[in-house]
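In what follows, a single structure is set out as structure tokens and then discussed.
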Amino acid sequence: MANGLLKSDHAGTQRTGESPHLSGTPLRICFIARNTFREAVRDRVLYNLVLFVLILTAVAIFVGELSGGQERKIIVDLGLSAMLLFGVFIAIFVGVGLVYKEIERRTIYAIFAKPVGRGDFLIGKYLGLCLTLLVNVMVMGAGVSAALLYVNRGWDPLVLRIWAAILLIYVELAILTSVALLFSSFSSPALSALLTFFIFIIGHFSADLKGLSNSMSSSAARWLFSALYYLVPNLANYSFITPAAHGHIPNLSYVFAAVLYAMLYVVVILATATLIFSRRNFK
Amino acid sequence: MKMQKPRLPQRAQRSDRRRTFVLASIIAGSLLVTILIAHWIDSHRASPDLQVEEEGLYLAGNTLRRASLGFNGLSADWYWMRSLQYVGHKFLNAKTNIQLDDLSQLNLNLLAPLLDITTTLDPEFEEPYEYAAAVLPAIDVQEAIRIIRKGIAANPAAWRLYQHLGYIYWQRRDFQAASEAYGQGAKLPGAPHWMEAMKARMAAEGGSRNLAREIYGRMYDQAGDTSVKEMARRRLLQLDSWDQRDELRKVLSAYKSKAGRCPSSWREIEPLARALGLPVDSTGAPLDPAGTAYVLVKGNCEVDLDLKSMVPK
Chain W
36 MANGLLKSDH AGTQRTGESP HLSGTPLRIC FIARNTFREA VRDRVLYNLV LFVLILTAVA
96 IFVGELSGGQ ERKIIVDLGL SAMLLFGVFI AIFVGVGLVY KEIERRTIYA IFAKPVGRGD
156 FLIGKYLGLC LTLLVNVMVM GAGVSAALLY VNRGWDPLVL RIWAAILLIY VELAILTSVA
216 LLFSSFSSPA LSALLTFFIF IIGHFSADLK GLSNSMSSSA ARWLFSALYY LVPNLANYSF
276 ITPAAHGHIP NLSYVFAAVL YAMLYVVVIL ATATLIFSRR NFK
Chain L
24 MKMQKPRLPQ RAQRSDRRRT FVLASIIAGS LLVTILIAHW IDSHRASPDL QVEEEGLYLA
84 GNTLRRASLG FNGLSADWYW MRSLQYVGHK FLNAKTNIQL DDLSQLNLNL LAPLLDITTT
144 LDPEFEEPYE YAAAVLPAID VQEAIRIIRK GIAANPAAWR LYQHLGYIYW QRRDFQAASE
204 AYGQGAKLPG APHWMEAMKA RMAAEGGSRN LAREIYGRMY DQAGDTSVKE MARRRLLQLD
264 SWDQRDELRK VLSAYKSKAG RCPSSWREIE PLARALGLPV DSTGAPLDPA GTAYVLVKGN
324 CEVDLDLKSM VPK
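First to last, the protein sequences are chains W and L.
The numbering of the first sequence is our numbering, which starts it at 36 and goes up by one.
The numbering of the second sequence is our numbering, which starts it at 24 and goes up by one.
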């Protein structure tokens, strides 16, 4: 990672011919992101696609016998659920190692010896993993679509309709990646993975948190649960797998609001991570 | 420059080969033994305790829905397949020939909770409602009605749920309630015109064979579940067979009054059977709608289905 960045950074500076501190920042982020993606590919993260394809193939061939003719629904349910689950594991287990691995290998010293800000580093790492997840999700989405075409022996409207749900899954994974990165900026990988997984669970219970805050008699408890509801990302907003299996598409304003919420949430998380990471002393 | 692989001394090479052979033998041998042990365990396993098998489900649908972390659709699929396997397993183990809409003797205590959980996890999943309407009334009619009504509350625009509800009431011979259910469904946008017609016919001729034929015909056309489709097909065969047997009885009765005795074989009345439009086999016996020859019950001029016939009794 460090070598790649050093070469890339040199090339980038030469190309722009300007102060590396200002105009080079987006470029440096891009290089870090590209190297993070390459590292993920080198670490065989995308091998999970093989398992995914095997699962889908097995479902497409065998589930018809067990489901009473509900193969299409089950392929969408299973395919999108596996996409989310695999994505969550990648976001958590790769995400928590992004910063830690650089510290452990001491490559972080080489990186920060160059004019790379800590924020640039974190954002680059985040975008790199998001790119990995994007490739993962796109290939899996294509796999589910192909399985639907196979099962339906021809065109199926679900092939296109599931992509709105896939977009929401990807946005959920992007939020979770930022959370993993935040925890990894100050904690050990094991603890970060655990905390991120808790956020994933609590994020899907956020509707209950709101209900709990409304039903509490104590104002302090009400305040606490309301605060938790707004602080923890509402991941239930991105659960559109079940309606997608019935051919439903979320309306555009809903998708727009959900994506905007995610973007702002990620900005908050990455800013917090940068704040914490800037205060870390690597000497 | 090409690097040359250092040559191992011959002794070390031989030892390496021996180690590989020993390890491969251990792997293959152990695998073989585990297969044999698994086979032995399978053959010596005590038959499953019925009480344990039929133990009630611990989790309620709403709890499962909350705990599914957005995977509720997948969980619903799992419970749906479990429902089918549960019925299928009992069905296959049953010694007698039973119809899907009369499984009361199979003791399917878990079917209602399984379908209830499935429809709570995914309220838009239509097939479990269809299955509940077709199979569950023979086991627990009140639960069947409750599940369909729960589905109507969750999907107020789904006219097919009213069709299922009407079918349950019709089976119970509650033609007034069935007529109301069809009428309510007919008012929904997208409901076919025959729902309104069904409402009127249900009130006027609730117990007639023709109405039954129409109900099963609609069920056959629209069923998503293959077993429900098959059940509707067999009921349609049964209705056709009832009509055919009525006609054949008339022929037999006419023959008796003319000849003073019952026919000794189908050959004697083959032209009359052909005149009814029934296909006959090489012995002159008319064929039932499933293609099996009817049996002539000698002595009392009666016609019956062959034991091998696919038409329900």
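Using N, Cα and C, we set each Cβ at its ideal position, and we do this for glycine too.
Beta-carbon neighbours of residue i, restricted to chain W and to distances below 9 Å
i	result
L:PHE358	There is no way to answer for residue 358 of chain L, as the model of chain L reaches only from 24 to 336.
Distance between residue j and residue i (C-alpha atoms, nearest Å)
i	j	result
L:TRP139	L:ASP304	For the sequence presented, residue 139 of chain L should be read as Asp rather than Trp. Computed Cα separation, rounded: 48 Å.
L:ALA277	L:LEU295	10 Å
W:TYR135	W:PRO224	7 Å
L:GLY247	W:LEU295	39 Å
L:LEU330	W:ALA177	52 Å
W:THR307	W:TYR300	11 Å
W:ILE243	L:GLY84	Note that residue 243 of chain W corresponds to Asp in the displayed sequence, not to Ile. Whole-angstrom Cα-Cα distance: 16 Å.
W:ARG314	L:GLY96	44 Å
W:MET173	L:ARG88	28 Å
L:ALA316	L:GLY322	18 Å
W:VAL6	W:ARG257	This structure cannot settle anything about residue 6 of chain W, because the visible part of chain W is limited to 36 through 318.
L:ARG241	W:ILE201	36 Å
W:ILE64	W:GLY154	9 Å
W:GLY189	W:ILE110	15 Å
W:LYS245	W:VAL290	21 Å
W:HIS56	W:ILE158	Caution is warranted here: a pLDDT of 48 is assigned to W:HIS56, below 50, making its placement in the model unreliable, and no coordinate value can be reported.
L:GLN194	L:ASP125	11 Å
L:ILE50	L:ALA69	30 Å
W:THR309	L:PHE94	33 Å
W:LEU247	W:PHE260	7 Å
W:ILE67	W:ILE143	12 Å
W:ASN171	W:ILE234	22 Å
W:ALA117	W:ALA182	14 Å
L:ALA209	L:GLU219	5 Å
L:ALA180	W:HIS283	15 Å
W:GLU106	W:ALA279	14 Å
W:SER227	W:LEU184	40 Å
L:LEU107	W:SER102	7 Å
L:ARG236	L:GLN245	14 Å
Beta-carbon neighbours of residue i, restricted to chain L and to distances below 8 Å
i	result
W:LEU101	MET104, LEU107 and GLN108
W:ALA29	Residue coverage of chain W in this structure runs from 36 to 318, which leaves residue 29 of chain W outside it and unanswerable.
Proximal chain W residues relative to residue i, where beta-carbon distance stays under 8 Å
i	result
L:ASP100	SER102, GLN105, LYS108, ILE109, ASP112 and LEU113
L:ARG89	PHE240 and ASP243
Partners in chain L for residue i, counting only beta-carbon separations shorter than 7 Å
i	result
W:ALA95	Here the premise fails: no neighbours, minimum Cβ distance about 14 Å.
W:ALA280	GLY96
Residue i: contacting residues in chain W (beta-carbon distance under 7 Å)
i	result
L:LEU97	ASP112, LEU113 and SER116
L:ASP145	THR277
### Task
Mind checking the stretch 165-184 of chain W against chain L and listing, in chain order, the residues whose C-beta falls within less than 9 Å of any C-beta there?
none
### Task
Please list the residues of the stretch 237-267 of chain L that have a C-beta atom closer than 7 Å to any C-beta atom in chain W, keeping them in chain order.
GLY247, ASP248, THR249 and SER250
### Residues within the stretch 271-287 of chain L neighbouring chain W, beta-carbon criterion of under 9 Å
none
### Query
Is the stretch 90-105 of chain L close to the stretch 133-147 of chain L, with three or more CB pairs under 8 Å?
With three or more CB-CB distances shorter than 8 Å, the stretch 90-105 of chain L counts as touching the stretch 133-147 of chain L.
### Task
Could you tell me whether the stretch 281-300 of chain L touches the stretch 244-263 of chain L, where touching means 3 or more Cβ pairs closer than 8 Å?
no
#### Entry: alpha helix (DSSP H) runs contained entirely in the stretch 95-143 of chain W, provided each spans 4 or more residues
Entirely contained in the stretch 95-143 of chain W, the alpha helix (DSSP H) runs reaching 4 residues are, in chain order, 106-130 and 132-139.
### Task
Scan the stretch 230-247 of chain W for residues whose Cβ lies nearer than 8 Å to a Cβ of chain L and list them as they occur along the chain.
PHE235, ILE236, HIS239, PHE240 and ASP243
### Query
For the stretch 181-211 of chain L, which residues have a beta carbon sitting closer than 8 Å to at least one beta carbon of chain W?
So nothing in the stretch comes that close.
### Task
Check distances from the C-beta atoms of the stretch 304-334 of chain L to those of chain W and list, in chain order, the residues that come in under 7 Å.
none
#### Entry: Touch test, the stretch 148-164 of chain W against the stretch 236-254 of chain W, Cβ-Cβ under 8 Å, three pairs minimum
Judged by Cβ distances under 8 Å, the stretch 148-164 of chain W makes no contact with the stretch 236-254 of chain W, as fewer than three pairs qualify.
### Query
Listed from N- to C-terminal order along the chain, which residues in the stretch 287-298 of chain L have their beta-carbon within a distance smaller than 7 Å of any beta-carbon of chain W?
none
### Task
Write down every uninterrupted run of the alpha helix (DSSP H) in the stretch 151-209 of chain L whose length is 4 residues or greater and which is fully enclosed by it, in chain order.
160-177, 182-194 and 198-209
### Message
Give me the subset of the stretch 150-184 of chain L whose CB atoms are less than 8 Å from a CB atom of chain W, sorted by chain position.
### Response
GLU150 and TYR154
#### Entry: At least 3 beta-carbon pairs within less than 8 Å: the stretch 163-182 of chain L vs the stretch 107-123 of chain L
no
### Message
Closer than 8 Å is the cut-off here; do at least three beta carbon pairs connect the stretch 185-202 of chain L with the stretch 221-230 of chain L?
### Response
yes
### Task
Counting only runs of 4+ residues fully inside the stretch 283-318 of chain W, write out the alpha helix (DSSP H) ranges in chain order.
As for any alpha helix (DSSP H) of minimum length 4 sitting wholly inside the stretch 283-318 of chain W, the runs are 287-313, ordered along the chain.
### Message
Restricting to runs no shorter than 4 residues, where is the alpha helix (DSSP H) found entirely within the stretch 173-224 of chain W?
### Response
193-219
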